[in-house]
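Notes for the one structure printed next.
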Amino acid sequence: MFRKVVHLSLHFTALALGIVGIIAAFKYHNLNSIDNLYSLHSWLGLVTIILFGVQWLIGFVTFFFPGLALSSRAAVLPWHVFFGLFIYGLTLATTELGFLEKLTFLQQGGTITRFSAEAMFVNVLGLIVVLLGASVVFAAVIPVPQASGDDYTPIE
């Protein structure tokens, strides 16, 4: 049960911070007379946060809120895992598109050059995000052998 509470809490925190981020982006755009939702980055960001909210809500009702039959929970679990990884992939794509969009604006405006230290930093950061994303997906899908004596607890 502790792991469920941690999972639920961390994802709720991520969802709340994502919503705060989107609100901040809209406020910044509105204060600076910049159009909203004009780029693929913004579209994917909005789709991602909406799907994440739906995923969190379904996960809460299915796995945390008492009363749902074990068979129903077991049926939902593979879909929960799939959509969790899919949404995580959307998050990674949105992040990379955000890096690219900002870098393009800075280069077009003459603020930085193509091979400046800042541009290289953003590129390296993009590679780190890809590697982190791959390691998280790998950790999520690779089977972990259970040593004998490990306590197994079914979905409750």
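Numbering (the working numbering), first residue to last: 692 to 847.
All C-beta atoms, glycine included, are put in the ideal place defined by N, C-alpha and C.
| query | Taking the runs of the alpha helix (DSSP H) that are 4 residues or longer, which of them lie wholly in the segment 730–776? | reply | Every alpha helix (DSSP H) of 4 residues or more that sits fully in the segment 730–776 is shown, in chain order, as 731–750.
| said: Using only the alpha-carbon positions, how far apart do E787 and Y729 sit? | reply: By one-based count along the sequence shown, residue 787 stands at place 96. By one-based count along the sequence shown, residue 729 stands at place 38. Computed Cα separation, rounded: 16 angstroms.
| query | Which whole-angstrom value describes the C-beta separation of T753 and I778, a residue pair presumed to lie in contact below a C-beta threshold of 8 angstroms? | reply | Taking the first residue of the sequence shown as position 1, residue 753 is located at position 62. Taking the first residue of the sequence shown as position 1, residue 778 is located at position 87. About 16 angstroms separates the two Cβ atoms, so there is no contact after all.
| message | Closest to S733 by C-alpha separation, out of V813, F829, F790 and V827, would be which residue? | response | Working through the sequence shown from its first residue, we reach residue 733 at position 42. Residue F790 is the option with its Cα nearest to S733.
| said: Tell me the DSSP secondary structure of T782 in three-state form. | reply: Within the sequence shown, numbered from 1, the residue matching residue 782 stands at position 91. Here DSSP, grouped into helix, strand and coil, assigns T782 to helix.
| message | I'd like to know if the segment 825–832 and the segment 763–778 are in contact, where contact means that at least 3 CB-CB pairs between them fall below 8 angstroms. | response | These segments touch.
| query | Rounded to a whole number of angstroms, what is the C-alpha to C-alpha distance between I713 and F703? | reply | Residue 713 sits at position 22 when you count from the first residue of the sequence shown. Residue 703 sits at position 12 when you count from the first residue of the sequence shown. Straight-line measurement puts the Cα of F703 at about 15 angstroms from the Cα of I713.
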